[in-house]
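Numbering (our numbering), first residue to last: 606 to 856.
Beta carbons: idealized from backbone N, C-alpha and C, even for Gly.
Fair warning: this is a prediction, and the values are worked out from it, not measured in the lab.
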């Protein structure tokens, strides 16, 4: 895979800690509700629901919350009113940004996203303006601990992974979308600790920003992630380690 962005790793290191548990569980609840609405409440017959439930478990969402989300989705007005949005835009220095949102108010969600772009040196683009720069992939993140990363990578490739990146204490494993579950299950059978597994928009190529633009882009991406209606944020910006460290020290 030619492109690789550190944004997913940065989210694991800092972003998850910045989002309150309540806000995180709200986002996960919406994913479960939409998965049930679109494909039914049987996880064995609904792959999107299986992924949403696994993501909730990975995030240590209590079973009572998961159960409520499942029941809430069946025939509820709230589930019926949730709309899925893909919002495309440009960040500092022309970086491509793809925002996936779930909202009961499309106009509010769009305006909130537009405001964040405007305040942090970005702008919205037309439909299709940046989506072509990304591929839909399965992304599995592993914290290897004492495991040998080369052996881990070989096991992932044998399980069907397309690519493996080892960087800064994380191993990122990329799969075809329909191979995500199979690769995850194989890793777990091999006692490899999976931190998260999700479908993600991965940049085909990345661009590296100079410091000022990079710090501005990181702030923009983080502010987008903090919006209640936003589920996923993808970018083709890549960041030097020293810039990431400086960003962390300022926030």
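**Item:** Distance CB(residue 687)-CB(residue 635) smaller than 8 angstroms
**Value:** yes
**Item:** Residue(s) in a DSSP beta bridge with residue 742
**Value:** 805
**Prompt:** Quick one, which of 828, 661, 737 and 644 has its alpha-carbon nearest residue 723's?
**Reply:** 828
**Request:** In the DSSP assignment, find the alpha helix (DSSP H) that holds residue 672 and state where it starts and stops.
**Result:** 668-678
**Request:** Could you tell me the distance, in whole angstroms, from the CA atom of residue 759 to the CA atom of residue 779?
**Result:** Going by the C-alpha atoms only, they are around 13 angstroms apart.
**Cα-Cα separation, residue 776 to residue 654** = 25 angstroms
**Item:** Terminal residues of the beta strand (DSSP E) in which residue 850 lies
**Value:** Unbroken run through residue 850 is the alpha helix (DSSP H), 846-855; no beta strand (DSSP E).
**Item:** Best match in 666, 732, 763 and 800 for proximity to residue 787 [C-alpha to C-alpha]
**Value:** 763
**Prompt:** Are the CB atoms of residue 721 and residue 832 nearer to each other than 8 angstroms?
**Reply:** yes
**Asked** What separation, rounded to the nearest whole angstrom, lies between the Cα atoms of residue 645 and residue 652?
**Response** 10 angstroms
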